[in-house]
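Novice:
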Amino acid sequence: MATYQDLLAQKQALEAKIEEARSTEVAGVIEQIRELMVRYSLSPEDIAPRRRRGRPTSTASAATEKAPLPPKYMDPKTGKTWSGRGRTPAWLGKRPERFLIQQE
C-alpha cells in the first residue's frame, strides 16, 4: 500500500503532466479558433458580445404603475383609510378589527 507522501508525490507528478498536456492542446485549439474566425469573418464581439454594466433596462411591465389597493380600515372620525400595507396609522390603536370596512 502506498503511503500518504507517495500519493502526494504522484498527485504532483500527475498535475504537472496535466498542465503540460493542457498547455500544448490549448495552443492548437486557439489556432483552430482563429482559423475559423477568419474563415467565417467573425469578430470577438460576434462570439462573446459585450455585457452591459449596471442595472438592466426597465421593461414595460416594470414601468407601469400598480393600481392602489382598496382600503381595509377606516377611521370614522376623520374618514382616513388604510389598506393594511405599510406603517400602521396611530388611529388604528390596539384593536384594528374595530375599524374594518364592512364588505358588501
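Numbering (UniProt numbering), first residue to last: 1 to 104.
We treat Cβ as the ideally placed atom computed from N, Cα and C, and that holds for glycine.
1. How many angstroms separate the CA atom of T78 from the CA atom of P68?
2. Start and end of the alpha helix (DSSP H) containing R39?
3. With a threshold of 16 other CB atoms inside 10 Å of the CB of S73, please say whether the residue is buried or exposed.
4. Would you check if the distance between the CB atom of D75 and the CB atom of L100 is smaller than 9 Å?
5. Reducing DSSP to helix, strand and coil, say where L92 ends up.
6. For T78, which residues does DSSP report across the bridge?
7. Residues in the same chain with beta-carbon distance under 8 Å from S43, minus the five sequence neighbours each way, listed in chain order, please.
Specialist: Concretely, from the data shown:
1. 20 Å
2. 4–39
3. The residue you asked about is not Ser; residue 73 is Tyr in the sequence shown. Looking at its Cβ environment, which holds 16 or more other Cβ atoms inside 10 Å, Y73 is buried.
4. No, the Cβ-Cβ distance between D75 and L100 is not below 9 Å.
5. helix
6. T78 pairs with nothing; no bridge assigned.
7. Only M37 meet the Cβ criterion.
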